[in-house]
Structures are given as structure tokens and as C-alpha cells.
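Notes follow the structure.
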Amino acid sequence: MNAGTNLPPRGGSRPAQTAPHNGRRFRWGRFFFILFFLILLAVGGFLTYLFFQTKGAIGEISMNNNNGEVTVVPKDQSVRVKPTAMLLLGLDHRNETRSMNTDVLMVAAFNPKTKSAVVVSIPRDTLIQLDGYSSRKANQYYNRFMIAAREQDGLTGIAAETEARNDVKEMFGRYFDIPVQYSTVINFKGFSDVVDALGGVEVNVDMDMRYRDMADGTDIDLKAGLQELNGNQALDFVRYRKSNDGTQESSDFERNQRQSQVLAALADKVKTLSVAAKLGSVIEAVGNNMTMDMPSKEIEALMSTYFGISKENIQFIPLEGTWRSPYVYVDEATLSEAKSALQAKLAE
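Here it is as C-alpha cells:
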């Protein structure tokens with residue numbers, strides 16, 4: 001790769017280290033977890049289980065089935081018996097900008113013996129510095145690897161996506177010093193599709209919200225008060241932070257609260273609706289917006305193995321850091337804690 005390229009190289013020398021700066025300190029809590037899993041959690045544990053037991057839906061999710069071939073994983077390597085690590089990406093793809101930045105990034109380690117997991121969330125603006133990679137924000141790598149696969153390697157479609165996923169899994173595996181076997185990508189549009197499939201969601205909008213961005217097509221216009229939101233409005237509600245039309249801006253903490261509010265409202269709604277009447281639409285909404293580079297049989301094994309996992313058996317570690325525009329500089333102590341927890345979970 002040429003030295004002048006903006007794409008992350010697959011090899012090369014170590015980039016110059018940038019010392020962390022003092023600045024506003026962020027706590028990155030449930031924000032990333034809630035946004036990423038909103039699609040699945042919104043339909044409730046029962047529907048999620050039914051969804052993953054639906055063979056056709058699993059076929060849609062698994063990238064490995066698109067060529068019609070069946071990938072067989074040896075029994076001793078299956079997620080049923082062997083701990084595994086997965087990269088979880090929430091993709092905010094917009095047709096207006098054609099951007100494929102990953103605004104939600106997590107690495108999860110699962111252990112079938114203890115039926116437990118560790119989930120590490122990575123701030124999207126984290127400055128990543130690794131041997132052989134251009135230094136950039138964490139959320140930019142998947143997009144850059146996709147561009148490299150298409151423009152440098154001449155790949156298209158599933159082949160390009162597979163290479164980009166492999167590259168980003170390898171990079172984050174090196175970042176945490178663990179092997180990352182699989183990846184899951186969810187398009188944020190799936191959240192709005194699920195809300196629509198469930199007939200909307202009733203929430204109390206806590207303030208007037210107005211924000212427009214012609215560059216990416218954002219047009220948030222909500223009034224305060226209890227109301228029924230459709231999918232796009234619900235997505236606007238949980239995304240809202242900036243304002244450019246006289247309304248009050250929102251903090252990350254307030255946005256966290258709104259995401260939790262919507263999640264709870266959707267869960268309550270699922271309990272009252274007819275599962276049979278809505279299941280088909282929900283399956284379609286999720287299947288159209290989520291892909292895993294895991295064989296279908298392994299997806300079934302993953303869901304059956306960890307179905308009913310207790311929340312007490314899931315350890316969430318949000319990486320913490322110091323913000324100095326345009327980056328978050330992750331604290332070495334929390335990064336070390338995350339590495340140790342992931343490694344320990346895979347070694348149990």
C-alpha cells in the first residue's frame with residue numbers, strides 16, 4: 001500500500017504515539033450495548049429465541065449460506081463446547097453520504113461451560129494505534145477496510161465484505177490480544193424496522209428536539225410529551241444530541257436514559273401483543289438488517305447454548321477515556337482490565 005494512501009495498511013511501521021491530553025472525561029456505559037442490541041432485545045427474549053430457531057431467518061443472517069454451501073465446524077471447535085470471541089458492529093449506513101462507519105463497537109467473549117460472557121464496549125472516537133495500521137478513530141476501520149477490498153483488491157459483494165470483516169477482526173483481536181473468530185453487523189435501520197413491525201412505541205419525549213443535517217439527511221423534529229412514535233421517530237429520539245434550531249441540546253447521559261426508556265417500552269409492548277400476529281414482520285425486520293459470518297448451525301448452537309443466560313453472568317466493561325477533539329484517548333488501566341477479562345473468559 002502506498003505511503004500516501006488514507007487507507008489503513010495491512011503492514012508497516014508503528015505510528016508515532018500521541019500522548020493523552022487532559023480534557024472532559026467520558027464514562028461509556030450502557031449506551032453502546034443498548035444501541036447495538038436494541039433490535040434483538042426489543043422483541044423480547046421469547047421472540048428472539050423463536051427467531052433464531054427459524055431456519056429461514058438463520059439462513060438470511062448467516063453470510064456463509066449465500067453460496068449455497070454448508071460449512072461444517074468440528075464438534076470440538078463448536079461454540080457449544082469452545083469459548084469464542086465475537087466482534088459486534090452497529091453500522092450507521094446512510095445513502096446520502098454512503099458512509100459505513102461503525103458507530104457501535106464491542107468485543108464479546110462467550111464461555112459455554114460457565115454460560116457467561118464479557119462484553120467490552122469501545123468508544124467510537126477512540127484513537128487506535130497499532131503496529132502496521134494507520135492511526136485513526138475506531139469506528140473508521142471497517143469502512144476503510146471495505147474500501148481497500150473493493151478498490152485495491154478488486155473484490156465486490158460478499159467477497160469484499162468478508163475480507164473487510166476478517167481485517168477488522170484481526171485488528172481488534174490484536175488490540176485486545178485475543179483471537180476473534182466471528183463478527184456480527186447490525187444496521188441501525190433494523191431498529192426502526194422492528195419498531196414499525198411492532199406497530200410503533202409509546203414514549204414520553206422529554207424535550208422539544210430539532211436538528212437538521214442536509215449532508216447525511218438527518219431531520220429530527222419531535223415535540224415534548226407522551227406520544228406514539230414510528231420507527232424513524234423512535235430512532236431520532238434515541239439518537240438526538242445536537243441542536244441547530246433553537247432546541248435544547250442533550251447529553252450522552254440523557255441519551256442513555258432515552259434509549260433505556262424505549263427499550264423498556266418495546267419490551268412491555270411485546271408482552272401484550274399476539275406473538276403469532278407480529279412474529280413474521282419482526283423476523284423480516286431483523287433478518288434484513290443483521291448478518292453474521294458464522295455458519296447457520298453455529299448460530300443455532302450459539303443461541304441454544306446461551307439462551308436464558310442470566311444478566312448476572314454478563315460482565316460489561318465500557319472502556320473509559322479522556323476526550324480531546326477529535327479523539328478519545330482510552331485509559332491504559334481500563335484497557336488492561338478489558339484485555340484481562342476477555343482473555344480470562346476465553347481461558348475458563
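Sequence positions in the sequence shown follow full-length UniProt numbering and run 1 to 348.
Ideal Cβ placement from N, Cα and C applies to all residues, glycine included.
As the structure is a computational prediction, the values presented were derived from the model and not from experiment.
Legend entry - Given 8 Å, three or more beta-carbon pairs between the segment 167–179 and the segment 83–91: yes
Inset, instruction - For residue 111, name the three-state secondary structure that DSSP assigns. - result: Residue 111 falls in the strand class under three-state DSSP.
Legend entry - CB of residue 339 within 7 Å of CB of residue 177, strictly: yes
Legend entry - alpha helix (DSSP H) segment containing residue 344, residue limits: 332–347
Legend entry - Whole-angstrom distance between residue 328 and residue 322, CA atom to CA atom: 5 Å
Legend entry - Sheet register partners of residue 225 (DSSP bridge): Residue 225 pairs with 205.
Inset, instruction - Find the nearest neighbour of residue 116 within the set 315, 140, 258, 131, judged by alpha-carbon distance. - result: 315
Legend entry - Stretch pair the segment 185–203 + the segment 220–239: three plus CB contacts closer than 8 Å: yes
Legend entry - Nearest residue (CA-CA) to residue 83, options 149, 288, 118: 118
Inset, instruction - Can you say whether residue 34 is buried or exposed, counting buried as having 16 or more other CB atoms within 10 angstroms of its CB? - result: Reliability of the predicted coordinates at residue 34 is poor, the pLDDT of 43 falling under 50, and the value obtained from them is presented with this limitation in mind. Buried, since its Cβ has 16 or more Cβ neighbours within 10 Å.
Legend entry - Same chain, Cβ closer than 6 Å to residue 137, neighbours up to 5 away in sequence not counted: 125
Legend entry - DSSP three-state assignment for residue 248, whether helix, strand or coil: coil
Legend entry - Cβ-based burial, residue 186 [other Cβ within 10 Å; buried from 16]: Around the beta carbon of residue 186, 16 or more other beta carbons sit within 10 angstroms, so the residue counts as buried.
Inset, instruction - Over the uninterrupted alpha helix (DSSP H) stretch that includes residue 63, give me the two end residues. - result: Element bounds for residue 63: n/a, residue is neither H nor E.
Inset, instruction - With DSSP as the reference, label residue 349 as helix, strand or coil. - result: The structure shown does not extend to residue 349, since the chain spans only 1 to 348, so no value can be given for it.
Inset, instruction - Can you give me the start and stop residues for the beta strand (DSSP E) that residue 290 sits inside? - result: Counted as a single uninterrupted DSSP element, the beta strand (DSSP E) harbouring residue 290 occupies residues 290–292.
Inset, instruction - Pull up the CB-CB distance for residue 175 and residue 105, whole angstroms please, since I reckon it's below 8 Å. - result: No, residue 175 and residue 105 are not in contact; Cβ-Cβ is about 10 Å, not under 8 Å.
Legend entry - In DSSP terms, what residue 314 is bridged to: Under DSSP, residue 314 forms a beta bridge with 117.
Inset, instruction - Could you tell me if residue 27 is buried or exposed, where buried requires 16 or more neighbouring beta carbons within 10 angstroms of its beta carbon? - result: Residue placement at residue 27 is poorly supported in this model, since its pLDDT is 36, which falls under 50; the coordinates are not used for a value here.
Inset, instruction - Name the residue from 301, 243, 122 whose alpha carbon lies nearest to the alpha carbon of residue 320. - result: 122
Inset, instruction - Report the residue from 181, 210, 217 whose alpha carbon sits nearest the alpha carbon of residue 92. - result: 217
Legend entry - Sequence-distant residues of the same chain with beta carbon closer than 7 Å to residue 334, five excluded per side: 319, 320
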